[in-house]
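Report on the structure given below.
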Amino acid sequence: MDTWKKPLRTAVRAGLLAACAIGAAAQTPVDYPAVPGIVDVSNRGWPREIETSEGRVRVDAPPQRIVALSLGHDEMLLALVARSRFAGVGRFTADPTYSNVADQVAGMATVQSGVEAVLAMRPDVVVASRYTTADLVDLIEEAGVPVVRSELESSAAGNIPNILLLGYLLGAEDRALELVADIERRLALVAQRVPPPGDPSRPAVLSIARFAETISAAGGGSTEGGIIEAAGGVNAAARDGISGHQAVSVESIAAMNPDVILITQPADSGGTRLRDDLMADRAIAAVPAIAGERVIVADPRYYTTLSHWNVRGIEVTARLLYPDRFHDVTFGDFEPYVEP
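Here the numbering used here is used: position 132 in the sequence shown is 952, and no number is missing along the way.
Okay, here's the thing in structure tokens:
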């Protein structure tokens, strides 16, 4: 099960070394990890086949008019290929409140909802997520457009196989290997500087947001929870039995007694108000996060997307929790793909 994981780092390093060797990349394809979904990883020509939950999909040539139906996919795809290969991007991809690549897609067409709008973009491949309805996928396929359903994961590390799958789908294997190597380097840097899992010095961190006056906490299996753990914290909600995103009361927050509270919603869309309300609530005044004024309105783009940009959330959170351990490190955003 998941047999691609063990040889992944070896394959990535070997691939990058081979690609950097003088003249080697032009003559011999580099090794590529056999991640789930790639039918025959040894086939580096065209056509290629991808296996998804919808069945086997054949792609006859490198796609030149790509449409993705999720923000996370757009963020990964823009790191792999030039924007000229997109037929359009999703509405959320152009929204700087939630998108990490909004500046990269300025001026690009946006894909509206509905099968007619998708087909109007004349895509030669559509990338869907597990949240895309089966009816929409069926109608697109009936129109003769291949649909690849790529299962986005709730962790930055978990999306490495998705990046490798998309890199193979697009004929962008070398770039996918470079991006994966960058992700692994960043994750390793953080892991080396924060206390290991189980260390009692790890602070308890609670990630919350409030919509329609209901506070929701991010528990086990959530993107925010994975970021907290990778950044050297203890996910207070998961520790206390919360799975996914669940409504919590102020009394529950007091019982979880977090050292740090992250509010992962836009500051001007309720984030600042939630922080002010928590700081003014006398019922939780003794909670360490409140008493120590460690209630942080975080940038939701890093915490709520499902792409490699979650790594930025890990870096930001690690610096927040352990400023002295990262005083000499400059974290930067991921660079978009640049055509040679």
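Each residue gets a CB set at the ideal place from its N, CA and C atoms; glycine is no exception. For clarity, every value in this text was computed on a predicted model and none was experimentally measured.
For V1080, collect the residues of the same chain with a Cβ closer than 6 Å to its Cβ; drop the 5 residues on either side in sequence, then sort them by chain order. P1023, V1025, A1109, R1114
Cβ-Cβ separation, V1014 to G1052 (assumed contact under 8 Å), whole Å: 3 Å
Ends of the beta strand (DSSP E) at A929? Neither: A929 is in no beta strand (DSSP E) and is coded neither H nor E.
To the nearest whole angstrom, what separates the beta carbons of A926 and D915, a pair I think is in contact under 8 Å? No, A926 and D915 are not in contact; Cβ-Cβ is about 12 Å, not under 8 Å.
Whole alpha helix (DSSP H) elements within the region 881-923, 4-residue minimum: 891-898
Take the Cβ of G1061 as the centre, count every other Cβ of all protein chains shown within 10 Å, and call the residue buried at 16 or more, exposed below. exposed
Whole-angstrom distance between V861 and Y852, CA atom to CA atom: 7 Å
Quick check on the DSSP output: the alpha helix (DSSP H) that includes R1005 runs from which residue to which? Here the alpha helix (DSSP H) through R1005 covers 993-1013.
Take G992 and list the residues in its own chain whose beta-carbon comes closer than 6 Å to its own, dropping the five residues that flank it on each side. Note on residue identity: the sequence assigns Ala, not Gly, to residue 992. Counting only Cβ-Cβ distances below 6 Å, and skipping sequence neighbours, we find L900, V901.
Let's see if you can read the secondary structure: which residues bound the alpha helix (DSSP H) around V938? 935-940
In the DSSP assignment, find the unbroken beta strand (DSSP E) run with S1027 in it and report its ends. 1024-1031
For the pair the region 1128-1141 and the region 876-884, tell me if three or more CB-CB distances fall below 8 Å. no
Are Q1085 and L1098 close, meaning C-beta to C-beta below 9 Å? no
What span of residues does the alpha helix (DSSP H) with I1134 cover, start to end? 1130-1141
Distance, Cα to Cα, T1043 vs N979? Taking the straight line from one Cα to the other gives about 11 Å.
Given 8 Å as the limit, is there contact between the region 885-894 and the region 961-977, that is, 3 or more CB pairs closer than that? yes
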